[in-house]
Structure formats: structure tokens, C-alpha cells
Amino acid sequence: MSEHESLIAGRSRRANAGNKLRELLEKEHIRASTEEGEPEKEDEEYSLETEVDAERDIDISSESSESEEGEEEQQVELAEKEERLLRQEEKSEKRRLQKHRITNLQKSLGTPKTKLPEKSEPGLLKKTYKKQKADPSSRRSSSRMHTIRMTQSTEHRLQEAKPRRKYTVHAGTDRTKFGLTQQQRLEEAAKTEAFNIGSLRSYVNYEEQRKLRLRRSAAKHRRLQGPIIKFITKTETLDDQKQFRNYYVAPLEHPLSQGPMEVPSLPENVIEECPITGHRAVYMDPLTRLPFANAAAFQELRDVYHQKVMNEENLITDDTKNREQKSIT
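Residue 108 in UniProt numbering is what sits at position 108 of the sequence shown, and the numbering runs on without skipping anything.
Structure, rendered in C-alpha cells:
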């Protein structure tokens, strides 16, 4: 047993084994079904033409024999004719649906093929396949004159478009960006400056309007301090005559005083002294609320504070112990 035979016998079956053959068989089946459908369509068109001619002959014969046969026979012929037309329409609709299904199946099966990783093993050669080109003579061609003319005109246009397509270049591939000249740059700068000035002016106007609105709202909700005098005007009817009188209303909260108003005096500038050094205190301890002059005084203040706190804690613990002993006794 050689080395290659042992590898073939011992290797497990691939997951994608047989995929290419299955795809080729499906494509061949679709091609055969489409080729069978096309002659059926041509035969159907031919049969429709012959049936229409036959119907015309039947109409002519029915007109000639109208005097001999009654109205009942004409109605029977018309009913048969309608039935035949309905059957032909149903058959054509079925064939159209079948062709539509075949095209949809062909589109769904046209999935991209998965490429297998190439294995570079010594002694194993990779198979090569040649692409087979379709022979133009093997194409199906219709015998109708209109179809032949349209096919020839299409091929003629394609042949004429080939040389034009060769020398046609996309407009955006070789497009070069030219730089602006000094004059163009100055014009762009002037436009930008005018736009910036306009936007700045609009922003300044908006800010002024906003500040004015804020001042008006603040003046509306502002509380007045001190004595206030209000003048209220009202009308009263006396002997059917209107008289205007002014009434003075003084607020009760702030009665008028005879002398000048008392103005509170400003607080005196008190200079704090450091309790440790006796010098002018520049700083304030946030914990003890005591002034101090330097770092040494600050440290001494904190030591005294901690000592005091510890003494208070000891007193509290002693009191609790004494109370517990009394409760036990």
C-alpha cells in the first residue's frame, strides 16, 4: 500500500464534497427546462394564430349559414368560442408562472462559490480547468422577421459602441485641482470677513437684547426697602356728579418718622491677636475658630484641642462605667 493510497483511505469526507457537481447538475436542469419552455411558447403563439384564423373562418361560415340556422346555434358557438379563449388564457398564464419560477430559482442558486485553501503538498498536482466559451452559432434564434431585425440592430449598435468605449475616459479620473490665484484668495478673504462681521453684529445685538430683558425682569420683581408712599386715585358719585379725590395710604410695616433715618454703623476693623505668640494673627483655624500667627502656633493650638477632646472622652467613659457599676449594685 503506497503513501497516497493510505492518505485517501484514512482521510475523512470533506464537508463541501459534491457541491460543485450538485451546482452543475442544477444549472443543467434549469437550462434544459428553459429550452423546453421556449419552443412551447412559440408553438403556443402559432396555435393561437391558427385558432384565430379558424375562428375567423367559423365567423364567416356562421354568417353565411345564419339564415339557415337559428339563434340557438349561434349562442352555442359563441359559448364554445369563449370557453376556448378562456382555456388558452389559463394555459398561457400557467406557462408564464412556470417561467417566472424558473428564473427565481436560477437567481437564488447563483450564490458565490467558496474558495478552498490551497494545499502545497509535494507529489499532488492541482487540476486545471479550461473555460468553455459559448458558440454564437449554437444560440436559439427566432424565425420572425421583426425579432431578426431587432437582433441585428442591437448587434450593430454594440459593434459601433466598442471603439467609442475603448477611448472613453471617466471625467473624474484625470481631473486636476488647480490652486487659487492671489486675486481669488483676496476675494474669498473679503467675503469671509464680511460674513464674520455680520454674524458678530447679530450676536452683539442678541446679547444686548438679552441683557435688557434681564434688567426689566429684575426691576419688575425687585423688593423696595424703607418707607413707601402710594398714591391711589378713585372716583365716587355724589349728587350724580363725578369727583376725583386722592387718598394717602401709608404702609403699617414702615411708619413715617419725624427725624432722620437711622443708618447702621460700619463694623470696626478689629485686629485679632494670636493667643500663643501674642503677635498679629493673620490666619484662622477652621476647626477651633481661633486666630494664629505662624505654623508653630497652629500646631500648638491643634495639640491643645486634641488633648481637650481626649480628656472629655475619658470623662464620658468614666461616667458611663460609674453608672453601670451603680446599676449592677
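We put the CB at the ideal spot given by N, CA and C, even for glycine.
Consider the C-beta atom of I328 and the heavy atoms of the ligand ATP; say whether any pair is separated by less than 7 Å. In the structure shown, the ligand ATP is absent, as is every other ligand, since no ligand is present at all.
Residue burial classification, F195 (beta-carbon count within 10 angstroms, cutoff 16): What you label residue 195 is simply residue 195 of the sequence shown in a count that begins at 1. Counting Cβ neighbours within 10 Å, F195 comes out exposed, since fewer than 16 surround it.
Tell me, which residues are paired with E273 by DSSP? Translated into positions along the sequence shown, residue 273 becomes position 273. The partner list for E273 (beta bridge, DSSP) reads R280.
How many angstroms separate the CA atom of E26 from the CA atom of Q98? The count along the sequence shown starts at 1 and reaches residue 26 at position 26. The count along the sequence shown starts at 1 and reaches residue 98 at position 98. Taking the straight line from one Cα to the other gives about 16 Å.
Can the beta-carbon of E300 be found less than 8 Å from the beta-carbon of I276? As a first step, residue 300 is located in the sequence shown; it is residue number 300 there, counting from the start. As a first step, residue 276 is located in the sequence shown; it is residue number 276 there, counting from the start. For E300 and I276, yes; Cβs fall inside 8 Å.
DSSP-derived helix/strand/coil call for P163: Numbered from its first residue, the sequence shown carries residue 163 at position 163. DSSP places P163 in helix when its eight states are reduced to three.
Pull up the DSSP beta-bridge partners for F292, would you. Counting from one through the sequence shown, the residue named residue 292 turns up at place 292. Bridge partners of F292: Y283.
Element boundaries [alpha helix (DSSP H), containing G179]: Locating residue 179 in the sequence shown gives position 179, where the first residue counts as 1. Note, G179: premise wrong, no alpha helix (DSSP H); not H, not E.
Using a 10 Å radius around the Cβ and a threshold of 16 neighbouring Cβ atoms, would you call P163 buried or exposed? What you label residue 163 is simply residue 163 of the sequence shown in a count that begins at 1. P163 should be labelled exposed.
Alpha carbon to alpha carbon, how far is N311 from R280? Looking up residue 311 in the sequence shown gives position 311. Looking up residue 280 in the sequence shown gives position 280. Answer to the nearest angstrom: the Cα atoms are 30 Å apart.
Can you tell me which of G278, V304, G226 puts its alpha carbon nearest to the alpha carbon of A293? As a first step, residue 293 must be located in the sequence shown, where it is residue number 293. Answer by Cα proximity: G278.
Between K308, R95, R149, Q74, which has its C-alpha nearest T34's C-alpha? Sequence index remark: in the sequence shown, residue 34 carries index 34 (1-based). For T34, the nearest C-alpha among the options comes from R95.
Just the Cα atoms here: how many angstroms apart are R84 and A32? Reading the sequence shown from its first residue, position 84 is the one you call residue 84. Reading the sequence shown from its first residue, position 32 is the one you call residue 32. In a straight line, the C-alpha of R84 is about 30 Å away from that of A32.
I148 and I102 - do their beta-carbons sit closer together than 8 Å? Position 102 of the sequence shown holds residue 102. Position 148 of the sequence shown holds residue 148. Contact flag unset, no.
Have a look at E193 and L186 and give me their C-alpha separation to the nearest angstrom. Taking the sequence shown and counting its residues from 1, one reaches residue 193 at position 193. Taking the sequence shown and counting its residues from 1, one reaches residue 186 at position 186. Rounded to the nearest angstrom, the two C-alpha atoms are 10 Å apart.
If we count the other Cβ atoms within 10 Å of its Cβ and call it buried at 16 or more, is P264 buried or exposed? Residue 264 sits at position 264 when you count from the first residue of the sequence shown. P264 comes out exposed.
Using only alpha-carbon positions, find the residue among A297, A296, E90, E28 that is nearest to L105. Along the sequence shown, read from residue 1 onward, the residue named residue 105 stands at position 105. Checking every option, the nearest Cα to that of L105 belongs to E28.
With a 10 Å radius around its C-beta and 16 neighbouring C-beta atoms as the bar for buried, classify A297 as buried or exposed. Stepping through the sequence shown from its first residue, residue 297 is reached at position 297. Buried is the call here.
For M284 and Q307, I'd like the C-alpha separation in whole angstroms. Taking the sequence shown and counting its residues from 1, one reaches residue 284 at position 284. Taking the sequence shown and counting its residues from 1, one reaches residue 307 at position 307. Going from the Cα of M284 to the Cα of Q307 covers about 20 Å.
P227, buried or exposed, once every other Cβ within 10 Å from all chains shown has been counted against 16: The residue given as residue 227 occupies position 227 in the sequence shown. Burial call: exposed.
Please state if the CB of P291 and the CB of C274 are separated by a distance shorter than 8 Å. As a first step, residue 274 must be located in the sequence shown, where it is residue number 274. As a first step, residue 291 must be located in the sequence shown, where it is residue number 291. Yes. Within cutoff.
Pull up the distance between the alpha-carbon of T317 and that of V282, whole angstroms please. Locating residue 317 in the sequence shown gives position 317, where the first residue counts as 1. Locating residue 282 in the sequence shown gives position 282, where the first residue counts as 1. So the two alpha carbons sit approximately 38 Å from each other.
Give me the Cα-Cα distance between K81 and R144, rounded to the nearest whole angstrom. Along the sequence shown, one-based indexing puts residue 81 at 81. Along the sequence shown, one-based indexing puts residue 144 at 144. Looking at the two C-alpha atoms, the distance is approximately 28 Å.
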